[in-house]
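Numbering (UniProt numbering), first residue to last: 1 to 141.
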């Protein structure tokens, strides 16, 4: 099963994990309503089940209504690695001092759960695999 970012965040919230405020939408009318609820500034994030969203233009900062009207349709119309937008996530902007990356997944080839962590963030995580990432197996499945 692959979860989109907004679906994973819904699960995190169910388990009491604090996250930035965010709302998903599937069209610009819904997006406008959510933009008013959320308040500026926020980030517009395409929801596709692939990496490379930021480099492909699928993550855009938005500071006002004018930017929203330009950027939301641009992001919604993107195709990234053959995947069209399934939704758009509007997420409050954070003042980031350091970005980290953490992934826990079922590694079928090794028959275990694996944690991948990087102190360099998640941008182009696939290309830094052997340089920065520590992979930890969590026992047989």
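Don't be surprised by glycine CBs; every beta carbon is placed ideally from N, CA and C. On a predicted model such as this, the values are computed, not experimentally measured, just so you know.
Query	Result
Residue 43 - partner residues in DSSP beta bridges	61 and 91
Euclidean distance between Cα positions of residue 89 and residue 110	33 Å
Residue-level contact to chain C via CB, residue 53, 9 Å cutoff	Of the protein chains in the structure, only one exists, and it is not chain C.
Environment of residue 2 [buried if 16+ CB atoms lie within 10 Å]	exposed
Nearest to residue 78 (by Cα), restricted to the options 50, 42, 35 and 11	50
Identity of the residue in 121, 72 and 13 nearest residue 99 by Cα	121
Within 9 Å, strictly: CB atoms of residue 142 and residue 38	Absent from the model: residue 142. The displayed extent of the chain is 1 to 141, so no value can be given.
Residue 8: first and last residue of the uninterrupted alpha helix (DSSP H) it sits in	5-14
Neighbourhood of residue 81 by C-beta, 7 Å cutoff - its chain only, sequence neighbours within 5 removed	50 and 52
Counted within 10 angstroms of its Cβ, other Cβ atoms place residue 87 as buried (16 or more) or exposed	buried
Residue 38: first and last residue of the uninterrupted alpha helix (DSSP H) it sits in	28-38
Buried/exposed call for residue 91, threshold 16 Cβ in 10 Å	buried
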